[in-house]
Structures are given as C-alpha cells and as structure tokens.
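Residue numbering for the sequence shown follows my numbering, beginning at 107 and increasing consecutively.
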Amino acid sequence: MGTKGRAIIESFGIKIPELITLLNKAFADEWLAYYQYWLGAKVAVGMPREAVVAELLQHSNDELRHAGMVADRIIQLGGTPLLEPKEWYDFTNCGYDKPDNPDVRVLLEQNIKGEQCAISVYENIMK
Ligand SMILES: [Fe+2]
Ligand SMILES: [Fe+2]
C-alpha cells in the first residue's frame, strides 16, 4: 500500500502496526479454523455424516480463502503475515478445538463456537 493509502488509514486514528497485529491474530484464527474444519470432515461419524462433511469442507475452504485475504491485506499495509505455523497458537483469539469427539453434533457445536468467535474478532477490528 502506498504512502497515501497509509495516511488515509492513519487519519482515522488507526495505528498501522497495531492493525497489522490484529490482522495477524485473525490470520492465525483463520488457519486454525481451516484445519479444525478440514480435519473434522475427515473424522466425522454419525448421522447425517454426508451433509455435515460437505458443510465442513465448504467451510474449511472458506477459512483458507479468508486466510489468503487477510495475508494480502497485511502485505498491503507493509506487514508480514505470520511466517511460522507455531506462531498461530501465540496469536490466536479463538484457539483450536481439536475434533477429539468425532460425533457430527459435537463437531458442529465446536464449529459454531468458532464462527461466533470469528465474528467478534472482526467486529473488534472494525471498531
Ligand atoms: Fe474465516
Ligand atoms: Fe468461518
């Protein structure tokens, strides 16, 4: 992002390094959500497995796309997306709920919790 673009953001009282940190935290969340949903689709058991697997895979793809969008924005702002997966755990807001119970209902509960957390994260960034 050019000088003018950065100046516009700063004119709203937004500190770009702080914004980059918030975006990197969201970036960590997107990757962990991606993996959580993707793995959930692999291990899911119970009824209605097929419908839930399709849903989880679609959502995992969404999270991967979001991670890409957030990475692009961090780079536009002059920052660097987290370079080490191990940093995801240091930066995450929403954490990672391992799918250790493969029951589709439990997986969906975990994922709803993750989605609600993601909404609060972006709401907070907007504020
Ligand atoms: Fe997402
Ligand atoms: Fe999501």
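Where a beta carbon is used, it is the ideal one built from N, C-alpha and C, also for glycine. Note that the structure is a prediction, hence the values are computed from the model and not measured.
> Asp209 by DSSP, collapsed to three states: which one?
Replying inline: Indexing the sequence shown from 1 puts residue 209 at position 103. Strand.
>> Let me make sure I understand the geometry here. Which of Leu214, Phe118, Pro187, Asp209 has the alpha-carbon closest to that of Ala132?
In response: Start at 1 with the first residue of the sequence shown, and residue 132 comes out as number 26. Out of Leu214, Phe118, Pro187, Asp209, Pro187 has the C-alpha closest to the C-alpha of Ala132.
> Going by the beta-carbon positions, is the gap between Leu129 and Tyr202 smaller than 8 Å?
Replying inline: Your numbering for residue 129 matches position 23 in the sequence shown. Your numbering for residue 202 matches position 96 in the sequence shown. The beta carbons of Leu129 and Tyr202 sit no closer together than 8 Å.
> Under a criterion of Cβ closer than 7 Å to any non-hydrogen atom of ligand 1, which residues qualify, in chain order?
Replying inline: Glu136, Ala139, Asp168, Glu169, His172, Ala224
> Just how far apart, CA to CA, sit Asp196 and Glu116?
Replying inline: By 1-based counting over the sequence shown, the position of residue 196 is 90. By 1-based counting over the sequence shown, the position of residue 116 is 10. Roughly 27 Å between the two C-alpha positions.
>> For Val212 and Lys110, I'd like the C-alpha separation in whole angstroms.
In response: Mapped onto the sequence shown, residue 212 falls at position 106. Mapped onto the sequence shown, residue 110 falls at position 4. Each residue's alpha carbon lies about 48 Å from the other.
> Going by other Cβ atoms of all chains shown within 10 Å of its Cβ, with 16 needed for buried, is Val151 buried or exposed?
Replying inline: Position 45 of the sequence shown, counted from the first residue, corresponds to residue 151. Result: exposed.
> Would you call the CB atoms of Gly146 and Leu162 closer than 8 Å?
Replying inline: Walking along the sequence shown from the start, residue 146 turns up at place 40. Walking along the sequence shown from the start, residue 162 turns up at place 56. Yes.
> Which residue or residues does DSSP assign as beta-bridge partners of Val151?
Replying inline: Here the question's residue 151 lines up with position 45 in the sequence shown. Paired residue(s): Asp209.
>> Report the CB separation of Ile217 from His172 in whole angstroms; it is logged as a contact under 8 Å.
In response: Locating residue 217 in the sequence shown gives position 111, counting from the first residue. Locating residue 172 in the sequence shown gives position 66, counting from the first residue. Correcting the residue identity first, residue 217 is Asn in this sequence and not Ile. Not confirmed; about 14 Å, so no contact.
> Alpha carbon to alpha carbon, how far is Ile220 from Asp168?
Replying inline: Position 114 of the sequence shown, counted from the start, is the residue given in the question as residue 220. Position 62 of the sequence shown, counted from the start, is the residue given in the question as residue 168. For the record, residue 220 in the displayed sequence is Gly; it is not Ile. Roughly 13 Å separates the two Cα atoms.
> From which residue to which residue does the alpha helix (DSSP H) around Glu193 run?
Replying inline: Residue 193 sits at position 87 when you count from the first residue of the sequence shown. Segment 193 to 197, the alpha helix (DSSP H) holding Glu193.
> Considering Gly111, what are the terminal residues of the alpha helix (DSSP H) in which it resides?
Replying inline: In the sequence shown, residue 111 corresponds to position 5, counting from 1. Element bounds for Gly111: 109 to 117.
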